[in-house]
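There are 2 protein chains.
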Amino acid sequence: MIIDGLQYANWSDAIFQQMREGGVDAVHVTIAYHETFRETVANIERWNRWFERYPHLIMQARCGADVRRAKQTGRTAIIFGFQNPSPIEDDIGLVEVSHTLGARFMQLSYNNQSLLATGCYEAEDPGITRMGRQVIAEMNRVGMVIDMSHSAERSTLEAIEYSARPIAITHANPASWHPALRNKSDTVLTALAETGGMLGFSLYPHHLEGKSGCTLESFCTMVARTAELMSVDNIGIGSDLCQGQPDSVVEWMRVGRWTKAVDYGEGSPNAPGFPPMPHFFHDNRDFANISSGLAAVGFDAQDVAKIMGENWLRFFDLSFGPMPEGPPRAYDD
Amino acid sequence: MIIDGLQYANWSDAIFQQMREGGVDAVHVTIAYHETFRETVANIERWNRWFERYPHLIMQARCGADVRRAKQTGRTAIIFGFQNPSPIEDDIGLVEVSHTLGARFMQLSYNNQSLLATGCYEAEDPGITRMGRQVIAEMNRVGMVIDMSHSAERSTLEAIEYSARPIAITHANPASWHPALRNKSDTVLTALAETGGMLGFSLYPHHLEGKSGCTLESFCTMVARTAELMSVDNIGIGSDLCQGQPDSVVEWMRVGRWTKAVDYGEGSPNAPGFPPMPHFFHDNRDFANISSGLAAVGFDAQDVAKIMGENWLRFFDLSFGPMPEGPPRAYDD
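If you read the sequences in order, they're chains E and A. For the first sequence, the residue numbers in the working numbering are -4 to 328. For the second sequence, the residue numbers in the working numbering are -4 to 328.
As C-alpha cells, this is what we get:
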C-alpha cells in the first residue's frame, strides 16, 4: 500500500498513468489554495471530468474502504483537500457541504493569517480564532481532517489541543533537520504524535536539508530520527509533488489575491520558481526509491510498509467518517 | 408506505412532527425556485441544520434504500429537488455536483423559458434547447430525475422523447379534469406513462376542479380516470403543499428576479396569495383521507398502496443511481 499525503500536480492522463506505474494506491490532492467556494466547486467539476474519462486509472475516495477498493481494482484513489479555509468563506455550514463533496483535509491557514488560524509567515501568532474553534468542532463532527502544514507554531499547538480527533501535518519535515518556517519544531511533532496525529514527510526541496541536492540517505536518516521522536505509527509520506506545474502556479500559491506585490515564499528573487526535485524523487514512479532508502537505514519490512501507506490508511479509517459519540463538542464549552 | 412527490412547506419541527403523525415516509422537498448555485447551497445548509437538530424526525434520502431505512426507524425521508434549473446556472458540471449534494429532481423550466426548456406560461414553445439536450443526457447519466411540472407541452413531449430514462411530472393534474396551463394534456400523460414515467397528483387548489372547494370524491374519481389512461403503476401523490408559507413566498415563486412588475401566476389581482387548501387536505396529517377516498371510488388495497407511495418508491429505485450501461448518450448523437 503506497499512499501520498499531498500532491498538486498539473494533472493529466500521463500523470495518472505514472501513478499506476509507481503503484500509488491513494493520493490526497489539493483542490484549492485561495479559491472561493464556487471556484472550488469548479475545480471539483474538473476532477469529475477526469473521473469520468479515466475510470480505469483513478477513482474518488471518501473513506478508507474506497482506497482498498481502488487498490483491488488497479486504480489510484483520489482524496480531495484544501490548503486554505478559503473555500468555506465565512460560512461554517460549508464545512459539511464540502465534506459531502468529498473534501477530507483542510488547512486552517496557508502562510498568512486566516479567519481561523495564523500562517507560518506571520510575525505574530495569536492562536486559533473564535471562528477557528467553531470550525475545528464542526470538522471533528463531520470527519474532515485539520491540517496545519502551513500554520504557525502556537496555532498548531492549539489546534492539536482543541481538536477532539487527531490532526495531521500532511507535508512538512522536522525543523531540527532543516530549519525553515514551514518545517515543524520537536514540540509540535511530539504533541502531534501524542494525540494520534500524522506527519507526512515532504519532498519539496525547500523543506529538505541541502534543498534540491538532498540525498536519499539524509532524507531516510531524518525519517528514522523522527520515528524515534513520534513513533513509527504516526509518520508517512506527503511529497508535496507539484509535477508539471508552470511557475505561474507557485506564484498563485504564494500570492493568491492577497497582495499586489511579489511574495517569494520559500523562494527568492533569484530563484522565484519551482525548485528542481531531488534526484531520488522526480515523480510518482519513484516511491520505490524511498522504500529502498528506508530499508537501507534499518527499517524492517513491516515498518517500511507502515510509513509508505499503512499508517495513512489507518488514519483515514479513523478520521473520514462522523465522530463517534464522545465528549461534548468544543463549541458547547 | 406514504410518499409525497412534492412539498414546499415553511419547515419547522412542528411540521416535521405532523409528518410523523401522518405516517409520511418520504417527501420530495423543493430547495430552489430561482436560486443561484451558491444560494441553493445555503438552502442545503439550512436543511443540514434541521437534519442535525431533528434526527429523530427526519433524515436525508439519496436512494430508495434510504427511504426504507427512514420508515424502519420511524422518520421521514427528505429528498431534495429544484423547481427550476437556476441552481446549475450555465454550467453542466453542476448537475453532477448537485446530485452529489443530494438533488434527485430538477425541473427543466419553471413557467418561463429557461436555458433548457420552455415554461407553461410562455406564448411560444420552441422545445428543448441545445443545452437542454446536453443536460438531459447528463441528468440521465448521474441519476437526477427530469421533472416537467411547470413546462410547456412541446418541451415536455421532447423531454420524454430525448430522455433515456423515465421522467416525472411531480405535481400536476390532467387538464381534461381542470383546464389550467399547469395541468397536462392526455397526449403528455399518455407519452409519460408509455415511457415508464410518473405523475404526482397535485392538491394545490389552482390545479383542482372547483379549486379550494374541490371535493374528495371529485379528486379521487379523477385519479381513477387517470389510472385508466396511464395505468395504476404510473401515478402517485405530489401534493404541492406549501404549508405555513407567507404570501411573499408565492410572490417569490412567481416573480423571482425576472420582472419588476407583478405576475399573479395562477392567482389574480383579487386573489394574489396562497389559496385555501381543500377541506380534505390541510397538512401532512391528512393523507389517510386520500387513501379512504381512493378506496371509496373502487381502488383495492393493493392499488391504494401503489398510489400512496409504492409507485414512487419503485421509481426512486430505478431513477436515483447512475444509469446502467445502455444506448449511446444523447450528446454523442
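From the three backbone atoms N, C-alpha and C, an ideal C-beta is built for every residue, glycine too.
In its chain, beyond the 5 residues on either side, 4, 5, 10, 278 have a beta carbon closer than 7 Å to the beta carbon of residue 238 of chain E. Taking 9 Å as the cut-off, the beta carbon of residue 25 of chain A is found no closer than this to the beta carbon of residue 84 of chain A. One finds nothing in chain A with a Cβ atom closer than 9 Å to the Cβ of residue 83 of chain E; even the nearest lies about 11 Å away. Residue 37 of chain A has a beta carbon lying within less than 9 Å of a beta carbon in chain E. Residue 201 of chain E and residue 270 of chain E do touch by the CB rule: their CB atoms are close to 6 Å apart, below 8 Å. By alpha-carbon distance to residue 281 of chain A, the top candidate from A:7, A:19, A:8, A:168 is A:19. Residue nearest to residue 40 of chain E within the set A:21, A:190, A:215, A:94 is A:94 (criterion: CA-CA distance). With the criterion set as a beta carbon lying under 8 Å from some beta carbon of chain E, the members of the stretch 82 to 107 of chain A are 86, 88, 89, 91, 92, 95, 96, 97, in sequence order. Taking CB atoms only, residue 33 of chain A has a neighbour in chain E less than 9 Å away. Minimum Cα-Cα distance from residue 233 of chain E among the listed residues E:143, E:266, E:314 corresponds to E:143.
In the structure shown, the three-state DSSP call for residue 288 of chain E is helix. Inter-residue distance for residue 301 of chain A and residue 231 of chain A is about 7 Å (C-alpha atoms, whole angstroms). Within the stretch 126 to 160 of chain E, no residue places its CB atom closer than 7 Å to a CB of chain A. The Cβ atoms of residue -2 of chain E and residue 313 of chain E do not sit closer than 9 Å to each other. Contact annotation for residue 43 of chain E against chain A: 88, 91, 92, 95 [CB-CB distance below 9 Å, chain order]. By the C-beta criterion, the stretch 255 to 263 of chain E is judged not to be in contact with the stretch 288 to 298 of chain E, since fewer than 3 inter-stretch pairs fall below 8 Å. Within the stretch 53 to 89 of chain A, the complete beta strand (DSSP E) segments at least 3 residues long are 53 to 55, 71 to 77, listed from N- to C-terminus. Between residue 99 of chain A and residue 74 of chain A, the beta carbon gap of about 5 Å places them in contact (Cβ cut-off 8 Å). Just so you know, the alpha carbons of residue 186 of chain A and residue 46 of chain E end up roughly 35 Å apart. Using a Cβ-Cβ cut-off of 9 Å, residue 30 of chain E does not count as an interface residue toward chain A, since no Cβ of chain A sits closer than that to its own. Beta-bridge partners of residue 257 of chain A (DSSP): none assigned. If you draw a straight line from the Cα of residue 110 of chain E to the Cα of residue 127 of chain E, it is about 7 Å long. Taking a contact to require three or more Cβ pairs closer than 8 Å, the stretch 105 to 121 of chain A and the stretch 143 to 157 of chain A qualify as touching. The beta carbons of residue 177 of chain A and residue 167 of chain A sit closer together than 9 Å. Looking at the DSSP output, residue 140 of chain E bridges to E:100. Between residue 88 of chain E and residue 136 of chain A, the C-beta gap is not smaller than 9 Å, which leaves the two residues out of contact. Within the stretch 136 to 187 of chain A, the runs of beta strand (DSSP E) that reach at least 3 residues and sit entirely inside it are, in chain order, 140 to 142.
Pairing residue 224 of chain E with residue 276 of chain E gives a Cβ-Cβ distance that is not under 9 Å.
At a cut-off of 9 Å between beta-carbon atoms, residue 261 of chain E makes no contact with chain A. In the displayed model, residue 8 of chain E falls within a helix according to three-state DSSP. The shortest CA-to-CA distance from residue 131 of chain E to any of E:117, E:102, E:107, E:116 is the one to E:102. With 16 or more other Cβ atoms inside 10 Å of its own Cβ, residue 61 of chain E counts as buried. Leaving aside the five residues that flank residue 90 of chain A on each side, the residues in its chain whose CB is nearer than 7 Å to its CB run, in chain order, 83, 130, 133, 134, 137, 139. If you ignore the 5 residues before and after residue 173 of chain E, its C-beta comes within less than 7 Å of the C-beta of 202, 203, 204, all in its own chain and listed in chain order. In this structure, residue 221 of chain E places its C-beta atom within 9 Å of the C-beta atom of residue 169 of chain E.
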